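Protein chains in written order, with the working numbering: chain Y, 27 to 279; chain R, -13 to 631. No residue lacks a Cβ here, since even glycine has one placed at the ideal position from N, Cα and C. No experiment lies behind these values; they were computed from the predicted model shown. Report on the following structure.
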Amino acid sequence: MNTLTVSDVTLAFGGLNALTNVNLEIQPGLITSVIGPNGAGKTSLLNCISGFYNPTSGEIFYGEARLTRASPHQVTKRGIARAFQNLELFGGLTVLDNLMLARHRHLAYSFFHALLYWGKAARLEAENRAFVEEVIDFMELEAYRKRAVGSLSYGIQKRVEVARALTLGPQLLLLDEPMAGMNIEEKEDMVRFILDIQKEREITVALVEHDLGVVMDISDQVYVLDFGELIGAGSPQAVATNRKVIEAYIGED
Amino acid sequence: MDDNDRLLDLTIPQLLRWRVAQTPDKVALREKEFGIWNPYTWHDYYQKVQAVAAGLIRIGFQREMKLALIGDNIPELLFTAVGTMAAGGIGVGIYQTSLPDEMADILNGLDVSVAFCNDQEQVDKLVEVRRRIPGVFRVIYEDPRGMRSYRDDAWFMDFHRLLDLGLEALALDGGHIEASIDQGRPEDVCFLCLTSGTTGQPKGAMMCHRNYINMGVQITKVDRLADTDEYLSFLPFAWIGEQMNSFGIAMATGITVNFPESVETSMEDLKEIGPHFIFGAPRIYETIRSQIWLRIDDAYWFNRACYHYFSRVGQRAAGYRMSGRPMPWWLRFRAWIGDQLVFRPLINQIGFLRLRRAYTGGAALGPDLFTFYQTMGVNLKQIYGQTEITGIAYMHRDGDIRPDTVGKPLPGTECRISDASEILSRSPSVCKGYYKLPDKTEELLQGGWLHSGDAGFLDSDGHLVVIDRVSDVMHNRAGEMFSPMFLENKLKFSPYIKEAVVFGDQRDYVAALINIDPIIVGKWAEDRGLSFTTYMDLSLKPEVAELIRAEVAAFNRSVEKPHFRIRRFAILYKLLDMDDGELTKTGKIRRKFVREKYRLLHETLYDETVDVREVEAEFRYQDGQVTTVRTSMPFYTLAWEGGET
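Here it is, written out as structure tokens:
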């Protein structure tokens, strides 16, 4: 498994710096969280990693692979998947179809095979369905398999979003505020899922989250952003006692 | 003498072995997993049972030891239950909704040595009370998910490891489990079944092999089942209602037992399996009816008109069918059209199309529900029995269905009514008493008859009529008798009322606390543009109160005796719930507990000077957090002719 390294990354939109000289490491097998107030640049950072934005300067490496100028589908190929803060699902399709669609990268059969649903087409579809079913079981979505995503509650849709990312079979999973807008019980469920993703599926997790309680409870490593700059890093305990971090959150000068 | 009667001389594992000899390759069990139905043949079933038995013996489980089964219904649970019997042990079913302390009490009270849990949720509960249950030497779990931190602790064991151990042992000595099975006798105790316990601590009824097999053999003398029939196992396994199906009926007839993918998907899975018979508490039938009504309400006007027209036709036809009278040809023709056009497609949507019989038991069911299902061509019948008589002892016969009775005794069951109008029964399905409670056993089986604790009578046609628990019958201050359960059930015939608790013992009048049905009343409010947030908010709406007041007034007009009428009522701000101890695991009201918990409300019901009472409502979340909400709860008084204002 690889370490993701972000070195000296700056992301500028005209005169505005969303990120300024950010350095961080996401180590394999751990849960690494990025926290910070609204507009601190957390999602921008994820966008740089997942290839939606290209940094203005600086480098991003995943192991030996350079991701600095990579496009989203190239990043996905490296084994990095992302669950979005604003759900990126097809509301009119069923949960199953949404997840099957996420596997399309693994479906390499010809038009002819597809037409007859024969040979390679049938085999690959079955293999992918088996993979998707395993994810459905893991994320406990059995009851919603055949339901249109748009008709589900927000908490369940969030779970489908995470499942969609897992369906890509990633080594590194980027989660953008998976717990936003959830009630206590839904949050507890999601925390359990994240821990299981790390421990049982041995996937590295990078988490952007507002709920500090959750972050402090489950993270191995925490990075704190404020106005695009890294103002703190370390274990949850170290970060919680960091003066700069406290100021950024409480807003003192 | 029926062919099947010779099965009565076998134990459950012996009967399983007999099934393997008859039809080794027929599907015995089926489980939906990863979206696919996976079959187990009788041969596979027996192999697993043998492996479990050998594995248990290998880890030190001895004859007569107890093994507790805690979890959702999965084939592995059944393998372990029958495997325990094959090893000469005794199974104990524990409800998966039980809280840790409750579990500890049961495990200690029934001397359990090994526990089987289906997943981490159940294992965690045992971990919480580990110090209190020194007798439990091993916890076996089926789903290894989330068990990583327990892996190095020898107290826990993966079910698959147990199977491997068993297979190793069988490879060394293939005959020792066969020999152990041969040692069993049909009158040996094989399972301790918790009685629902509307009062106090649950007791373990000692069930023997013959209890279950007799029940399965006798019921199928009345209602035949073919071995190609299907059954869906979705009731809690700790309840006798599930055991009598998966031990009794399935073994006695060779039908296939299907296990749903998860508890949440049961209703979907029901549709896919299309079972031939189903058994459930009244709640299930009430829920399904609510769903049908909601959908009909949302249908196009033409569909709705068809439904209502053919419902009326069907109701008349059902009247003939239930009483077994011949139908006029014109009605028969129209009912047939209705079946083809409306009802068959409709019941196909819920998976009832192949259903030959639906049984309801555990509590009384409204007459309108019987008519509702019979109208659609679903043959819904009432059964009656206790855990102590393996669930079913009385049942309606086809063509002789009367909503006010529970039918006639099964073959081989004798019925007698005591001088105190208690229902007494005698049959080979009566259990051997309660585990380690000789006094209670003596009370239960006095004079060789099973004392049900229910009051009832036999009518002129030989049908049994159940009134109420002998101990629950109440008297008002004037000394007039009434049955709270009878009145509650009658109140619940209103679709808007989900649950009701009736008071009035040694009081001047009858009063009730009412739970509205969140789905039906929610829809009702939506249709009227009435906005609401939570259940509490909805139940405190004055418009809802008016709706319920009209329902209670209708109830008052329809009751048989003037002193049954409800004088005052209030709508409770929360649903009565099992987790809060207000209902038993089978959904019956725990009367004493409810009266104590809502003492203030109870008193207010009898204080006519108070119209509104400030209350503190306590809500407990699943993770144990508690919040308190203050609210004012209105009380309503009804007036009727001849009564004082």
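Secondary structure of residue i, DSSP reduced to three states
i      : result
R:R290 : helix
Y:S97  : coil
R:W23  : strand
R:S544 : helix
R:S480 : coil
R:Q368 : strand
R:I60  : coil
Y:D222 : helix
R:F263 : strand
R:M89  : helix
Y:Y143 : coil
R:D405 : coil
R:L211 : coil
Y:A22  : In the structure as shown, chain Y starts at 27 and stops at 279, and residue 22 of chain Y therefore has no counterpart that could be examined.
Y:Q247 : strand
Y:V286 : Outside the shown range of chain Y, which is 27 to 279, sits residue 286 of chain Y, and nothing can be said about it.
Y:D215 : helix
R:T251 : helix
R:P414 : coil
R:I119 : coil
R:T570 : coil
R:G240 : coil
Residue i: CB within 8 angstroms of a non-hydrogen atom of the ligand FAD
i      : result
R:L431 : For the structure depicted, the ligand FAD is absent and the ligand set is empty, with no information on it obtainable.
Burial state of residue i, where buried means 16 or more other Cβ atoms lie within 10 Å
i      : result
R:V249 : exposed
R:G393 : buried
R:T631 : Because R:T631 sits at a pLDDT of 37, beneath the cut-off of 50, its placement in the model cannot be relied upon, and the point is left open.
R:S415 : buried
R:K578 : exposed
Y:I61  : buried
R:T242 : buried
Y:Q100 : exposed
R:D129 : buried
R:Q8   : exposed
Y:E368 : The structure shown does not extend to residue 368 of chain Y, since chain Y is modelled only from 27 to 279, so the question has no answer here.
Y:V271 : buried
Through-space distance from residue j to residue i, alpha-carbon basis
i        : j      : result
R:E485   : R:K574 : 10 angstroms
R:H642   : R:W626 : Outside the displayed range of chain R (-13 to 631) lies residue 642 of chain R, so it cannot be described from this structure.
R:E368   : R:T376 : The residue you asked about is not Glu; residue 368 of chain R is Gln in the sequence shown. R:Q368 and R:T376: Cα-Cα distance of roughly 16 angstroms.
Y:E211   : Y:G181 : 10 angstroms
R:G337   : R:M143 : 38 angstroms
R:L477   : R:A540 : 10 angstroms
R:G95    : R:A321 : 56 angstroms
R:I205   : R:F263 : 12 angstroms
R:E512   : R:Y521 : 13 angstroms
R:G398   : R:R131 : 47 angstroms
R:P25    : R:L15  : 6 angstroms
R:M(-13) : R:I505 : Summary for R:M(-13): the model assigns pLDDT 43, below 50, so the residue's position carries little reliability; its value from the coordinates is reported in the next sentence. Cα-Cα distance, rounded: 51 angstroms.
R:K111   : R:A344 : 35 angstroms
Y:V250   : Y:V241 : 11 angstroms
Y:T29    : R:V612 : 43 angstroms
R:I76    : R:G190 : 12 angstroms
Y:L221   : Y:E235 : 15 angstroms
R:L153   : R:V78  : 24 angstroms
R:K294   : R:F288 : Rather than Lys, the amino acid found at residue 294 of chain R in this sequence is His. Taking the straight line joining both Cα atoms gives about 10 angstroms.
Cutoff 9 angstroms: residue i Cβ touching any chain A Cβ
i      : result
R:S248 : Within the model displayed, chain A is absent; protein chains Y and R are what it includes.
Contacts that residue i makes with chain Y (C-beta to C-beta distance below 8 angstroms)
i      : result
R:R134 : K225, E226
Interface residues of chain R facing residue i [CB-CB closer than 8 angstroms]
i      : result
Y:A156 : F20
Residue i: contacting residues in chain Y (beta-carbon distance under 9 angstroms)
i      : result
R:R635 : A question about residue 635 of chain R goes unanswered here, because the residues of chain R that appear run from -13 up to 631.
R:R131 : F164, D222, E226
Spatial neighbours of residue i in its chain, beta-carbon cut-off 6 angstroms, leaving aside the 5 residues before and after
i      : result
R:Y380 : Y370, V392, G393, P395, L450
R:S618 : V598, E600
Where residue i meets chain Y, residues with beta-carbon distance less than 7 angstroms
i      : result
R:T251 : E168, A169
Proximal chain R residues relative to residue i, where beta-carbon distance stays under 9 angstroms
i      : result
Y:E159 : E19, F20, G21, I22
Cut-off 8 angstroms between Cβ atoms - residues of its own chain near residue i, not counting five sequence neighbours on either side
i      : result
R:R290 : I282, D283
Y:P98  : S76, G77, F78
R:A531 : I557, P620, Y622
Chain-order list of residues whose beta-carbon lies under 7 angstroms from that of residue i (same chain, five-residue window excluded)
i     : result
Y:T36 : N43, L45, T46, N47, P81, T82, S83, G84
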